[in-house]
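Protein sequence lines, in the order shown, are assigned to chains A and B.
Position 222 of the first sequence, counting from 1, maps to 345 under my numbering, and the rest follow consecutively.
Position 138 of the second sequence, counting from 1, maps to 261 under my numbering, and the rest follow consecutively.
Where is the CB? At the ideal position from N, CA and C, for every residue including glycine.
The model shown is predicted, which means the values in this text are computed figures rather than measured ones.
Have a look at the structure below, then the notes.
Protein chains: 2
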Amino acid sequence: MYAVLAGGVGAARFLRGLTAIVAPEQVTAIVNVGDDLDRFGLRICPDLDSITYWLAEVVHPEQQWGRADERFTVAEELIRLGHEPWFTLGDRDLALHLHRTEQLRRGLPLSQVTAEVAQAFGVAVRLLPATDDRVETRITTVDGRDLHFQEYWVRERAAPEVAGVHLAGAPLARPAPGVVDALLSADAVLIAPSNPVVSIGTILAVPGIAEALRQTVAPVVGVSPIVGGRVVRGMADRLLPAVGAEVSAAGVAAHYGPGLLDGWVVDHRDADAVGQVAAAGIRCVATDTMMDDVEVAAALARTCLDLAAEVAGEAAGEQAGDAAGEAADEAAGEAADEGAVRAS
Amino acid sequence: MYAVLAGGVGAARFLRGLTAIVAPEQVTAIVNVGDDLDRFGLRICPDLDSITYWLAEVVHPEQQWGRADERFTVAEELIRLGHEPWFTLGDRDLALHLHRTEQLRRGLPLSQVTAEVAQAFGVAVRLLPATDDRVETRITTVDGRDLHFQEYWVRERAAPEVAGVHLAGAPLARPAPGVVDALLSADAVLIAPSNPVVSIGTILAVPGIAEALRQTVAPVVGVSPIVGGRVVRGMADRLLPAVGAEVSAAGVAAHYGPGLLDGWVVDHRDADAVGQVAAAGIRCVATDTMMDDVEVAAALARTCLDLAAEVAGEAAGEQAGDAAGEAADEAAGEAADEGAVRAS
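Now the structure itself:
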């Protein structure tokens, strides 16, 4: 069983690769909900929807989010009625928001609605929101504003300089049912190449999830969202400095830290980071991370699973050694030590 | 100035005729909201919308409600997600519901939202909901169920036998701002050929509206919704008996009663009702009431205004007579007496 921490599009592409090499039923995606927003009273879950559409193969092929063969009749009418077009909703997309909102109103938790939607779309990967509770990623700007993430990202096109990021509601939030179990019982936990701050960071900000990652015996392997020193998509370059992290493959690994990460996969173009990451106690390999097609994504997923198996093998070796009363294998270095600590 | 009590399609056609002979700015339509319903959390106002679409000339020409050039992408997706198609929403229609619901959520009263929507659609008739408060037409059936009107009408196709009709919420409802003023200051009040029970009856059930109709000095003239002894559209034949009224042109006039009505316009096919209605103290004329085109509707509206002018003229004559200390003109009969009483 595999658990994947997931943002939106980058995670969706990664999951498509992973499910090309393992059965989708073996995969649980734990998905960011910090970007979720209410518009016209409807609950919109951009990351859950992007993943659902990708895995159902109904995603808009060029846009990479929203629906293929989408129509905008409702949006056109809304503009006529005086609404700003800044967050344009497609008709098909809107139907999902209407359905989700109706089910939530009937008292179903988001996790259950998400499971039903996945089933309706024929998605066999188990999709879990990080939490059923309402959390909201807020961006504070240096000019003193406190924006919903989508306002910052979609309406303001990530132009304002960011002073900080926080997940409103997080202190009272609990992981959705199944999240902690999936992390604790996984054979490997993977961190998709999603935004480390507003996708993965907001998952980890839900109390109990980072703790489960530190407790799990499973190896935790992440994929760098930085390629050639730059973000592949999104605005991580504007957000990483706001949380004190460097915009580089090694910088993101250091941000997650050896307490969380056992392995880190960087792009060939960032191969010089491998030594630096390993020195920080995290096993690191370089490969092709630009998932332009499913074959590259599948090969990347294979690299992640191989790295996870390596870490797990070493940890098992150490445990066996411990059981025999022998000293830990010093050659495994800090990374293995970290793994051993987590396995204990 | 003219005030019109209005249901949905029948009233819309009548208003189109009226605005062909008087300036639309002179017309206030007081519209039934008892059929309003929430679907997917969205407030749907069938009668207000039908009238808006008709007067904006964007109504579906065959269906006579909903939008011309409508699309159903959202509805198709909702069916995929497991929803019943019993109340199919068009995409364009849905946009209006989203807008209205958003404005109501922001705290605007329905009357203000309605005015803004009318303006966006270029409708110059002043549209007022009977009330800004939430009321709901409920149908109790002989098999003991209590249905929302739309459940009875759309989902169950008016099949269940009706035991009674009530307007839930009515005791606490107040007329929307402008409603009572429009009735008291009108030169004529017209009652559209809408369902006497679940369109007009639910307007009159809002405390203060029937009283204003009885108090106004304006003549009150209605159009029979019964043609040739049968309902033109809708299910008044199933509802009139439930409120103790006869399904006939004279029966509906008697249901409103001479305390409310000064004049009654019936179809040629019901000309035999004229004497019976007049005997009950209501002036009555027969004309063509089948508004298949705008010319017939305009001629019908003209007949209504002429009848109103006749009633007003007689009432004025009587008042003048009263002022001169003379006895009331007995030739005016009971109908004029009724008008005089109301004018006093």
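Whose C-beta lies closer than 8 Å to the C-beta of residue 297 of chain B among residues of the same chain, with five residues either side of it excluded? Locating residue 297 of chain B in the second sequence gives position 174, counting from the first residue. Once the five neighbours on either side are set aside, the close Cβ partners of residue 297 of chain B are 254, 255, 256, 329, 330 and 331.
Cβ neighbour criterion (16 or more within 10 Å) applied to residue 190 of chain B: By 1-based counting over the second sequence, the position of residue 190 of chain B is 67. Residue 190 of chain B is buried by the Cβ-count criterion.
One question on the structure: do residue 144 of chain A and residue 129 of chain A come within less than 8 Å of each other, judged by their Cβ atoms? Here residue 144 of chain A corresponds to residue number 21 of the first sequence, with the count starting at 1. Here residue 129 of chain A corresponds to residue number 6 of the first sequence, with the count starting at 1. No, Cβ-Cβ distance for residue 144 of chain A and residue 129 of chain A is not below 8 Å.
Beta carbons nearer than 7 Å to chain A: which residues of the segment 267-281 of chain B have them? none
Curious, which full-length beta strand (DSSP E) runs of at least 3 residues does the segment 341-407 of chain A contain? 343-346 and 386-390
Using 10 angstroms around the beta-carbon of residue 241 of chain A, count the other beta-carbons present and answer buried if the total reaches 16, otherwise exposed. Against the first sequence, residue 241 of chain A aligns to sequence position 118. Classification of residue 241 of chain A: buried, given that the 10 Å Cβ count is 16 or more.
What distance in whole Å lies between the Cβ atoms of residue 133 of chain A and residue 348 of chain A, which are believed to be in contact at a cut-off of 8 Å? Within the first sequence, residue 348 of chain A is the residue found at index 225, counting from 1. Within the first sequence, residue 133 of chain A is the residue found at index 10, counting from 1. With a Cβ gap of about 6 Å, residue 348 of chain A and residue 133 of chain A count as contacting.
Could you give the C-beta distance for residue 131 of chain B and residue 170 of chain B, rounded to a whole number, given that I count them as a contact under 8 Å? As a first step, residue 131 of chain B is located in the second sequence; it is residue number 8 there, counting from the start. As a first step, residue 170 of chain B is located in the second sequence; it is residue number 47 there, counting from the start. With a Cβ gap of about 4 Å, residue 131 of chain B and residue 170 of chain B count as contacting.
Compare the C-beta of residue 196 of chain B with all C-beta atoms of chain A and state if any pair is closer than 8 Å. For the purposes of this step, residue 196 of chain B is identified with residue 73 of the second sequence, where counting begins at 1. For residue 196 of chain B, the answer is yes, since a Cβ of chain A falls inside 8 Å of its Cβ.
For a cutoff of 8 Å on Cβ pairs, would you count residue 228 of chain A as touching chain B? Working through the first sequence from its first residue, we reach residue 228 of chain A at position 105. At least one chain B Cβ lies under 8 Å of residue 228 of chain A.
Excluding the five sequence neighbours on either side, which residues of its own chain have a C-beta within less than 7 Å of the C-beta of residue 494 of chain A, listed in chain order? Given that chain A is displayed from residue 124 to residue 467, the structure contains no residue 494 of chain A and the question cannot be resolved.
When the Cβ atoms of the segment 299-314 of chain A are set against those of the segment 273-283 of chain A, are three or more pairs found closer than 8 Å? no
Which residues, taken in chain order from the segment 163-183 of chain A, show a beta carbon closer than 8 Å to some beta carbon of chain B? 163, 164 and 165
With contact counted as at least three CB pairs below 8 Å, one residue from each stretch, are the segment 395-409 of chain B and the segment 356-375 of chain B in contact? yes
Cβ-based neighbour list, residue 425 of chain B, same chain, cut-off 6 Å, excluding 5 preceding and 5 following: As a working note, residue 425 of chain B is residue 302 in the second sequence. These residues qualify, in order along the chain: 144.
Tell me whether residue 251 of chain B is buried or exposed, calling it buried when 16 or more other Cβ atoms sit within 10 Å of its Cβ. Taking the second sequence and counting its residues from 1, one reaches residue 251 of chain B at position 128. By the 10 Å Cβ count, residue 251 of chain B comes out buried.
Proximal residues, the segment 200-214 of chain B versus chain A, C-beta separation under 8 Å: 200, 201, 203, 204, 205, 206 and 214
Own chain, CB closer than 6 Å to residue 211 of chain A, minus 5 neighbours either side, in chain order: For the purposes of this step, residue 211 of chain A is taken as the residue at position 88 of the first sequence. If we look at residue 211 of chain A and ignore the five residues flanking it on each side, its Cβ neighbours are 198.
Inside the segment 291-343 of chain B only - beta strand (DSSP E) runs reaching at least 3 residues: 311-314
Measure the C-alpha to C-alpha separation of residue 327 of chain B and residue 156 of chain B and round it to an integer number of angstroms. Locating residue 327 of chain B in the second sequence gives position 204, where the first residue counts as 1. Locating residue 156 of chain B in the second sequence gives position 33, where the first residue counts as 1. One C-alpha to the other measures close to 11 Å.
Pop quiz: residue 350 of chain A and residue 393 of chain A are said to be a contact at Cβ under 8 Å. What is the actual Cβ separation, rounded to whole angstroms? If you number the first sequence from 1, residue 350 of chain A lands on position 227. If you number the first sequence from 1, residue 393 of chain A lands on position 270. Yes, they are in contact, since the Cβ atoms of residue 350 of chain A and residue 393 of chain A sit about 7 Å apart, within 8 Å.
Cross-chain neighbours of residue 225 of chain A in chain B, by beta carbon under 7 Å: For the purposes of this step, residue 225 of chain A is taken as residue 102 along the first sequence, with counting starting at 1. Within chain B, the residues near residue 225 of chain A are 163 and 164.
Collapsed DSSP secondary structure at residue 252 of chain B in the structure displayed: The residue labelled residue 252 of chain B in the question sits at position 129 within the second sequence. Of the three classes helix, strand and coil, the one that applies to residue 252 of chain B here is strand, per DSSP.
Using beta-carbon positions only, say whether residue 194 of chain A and residue 196 of chain B come within less than 8 Å of one another. Against the first sequence, residue 194 of chain A aligns to sequence position 71. Against the second sequence, residue 196 of chain B aligns to sequence position 73. In contact: residue 194 of chain A and residue 196 of chain B (Cβ atoms closer than 8 Å).
Starting from residue 165 of chain B, follow the beta strand (DSSP E) in both directions and report where the run begins and ends. Position 42 of the second sequence holds residue 165 of chain B. Looking at the DSSP string, the run of the beta strand (DSSP E) that includes residue 165 of chain B is 165-167.
Output the boundary residues of the alpha helix (DSSP H) element that contains residue 520 of chain A. Residue 520 of chain A lies beyond the residue range present for chain A, which begins at 124 and ends at 467; the question has no answer from this structure.
The ligand HEM and residue 349 of chain A: does any heavy atom of the ligand fall closer than 7 Å to the residue's C-beta? The ligand HEM is absent from the structure shown, which contains no ligands of any kind.
Could you check how far apart the C-beta atoms of residue 174 of chain B and residue 138 of chain B are, in whole angstroms? I think they sit under 8 Å. Reading the second sequence from its first residue, position 51 is the one you call residue 174 of chain B. Reading the second sequence from its first residue, position 15 is the one you call residue 138 of chain B. Correct: roughly 6 Å between the Cβ atoms.
For chain B, find out if any of its Cβ atoms is closer than 8 Å to the Cβ of residue 219 of chain A; answer yes or no. Here residue 219 of chain A corresponds to residue number 96 of the first sequence, with the count starting at 1. Judged by the 8 Å Cβ criterion, residue 219 of chain A is in contact with chain B.
Span of the beta strand (DSSP E) around residue 259 of chain B: Here the question's residue 259 of chain B lines up with position 136 in the second sequence. Looking at the DSSP string, the run of the beta strand (DSSP E) that includes residue 259 of chain B is 259-264.
In whole angstroms, what is the alpha-carbon distance linking residue 434 of chain A and residue 384 of chain A? Taking the first sequence and counting its residues from 1, one reaches residue 434 of chain A at position 311. Taking the first sequence and counting its residues from 1, one reaches residue 384 of chain A at position 261. When only Cα atoms are considered, residue 434 of chain A and residue 384 of chain A end up about 11 Å apart.
If you draw a straight line from the alpha carbon of residue 151 of chain A to that of residue 248 of chain A, how long is it in whole angstroms? Walking along the first sequence from the start, residue 151 of chain A turns up at place 28. Walking along the first sequence from the start, residue 248 of chain A turns up at place 125. Approximately 6 Å, taken between the alpha carbons.
Taking the beta carbon of residue 186 of chain B as the centre, do at least 16 other beta carbons fall within 10 Å, making it buried, or is it exposed? Position 63 of the second sequence, counting from 1, holds the residue named residue 186 of chain B. By the 10 Å Cβ count, residue 186 of chain B comes out exposed.
List the endpoints of the continuous alpha helix (DSSP H) containing residue 220 of chain B. Locating residue 220 of chain B in the second sequence gives position 97, where the first residue counts as 1. Here the alpha helix (DSSP H) through residue 220 of chain B covers 214-228.
Against chain A, does residue 238 of chain B count as a neighbour if the rule is that its beta carbon must be under 8 Å from one of theirs? As a first step, residue 238 of chain B must be located in the second sequence, where it is residue number 115. Residue 238 of chain B does not count as touching chain A.
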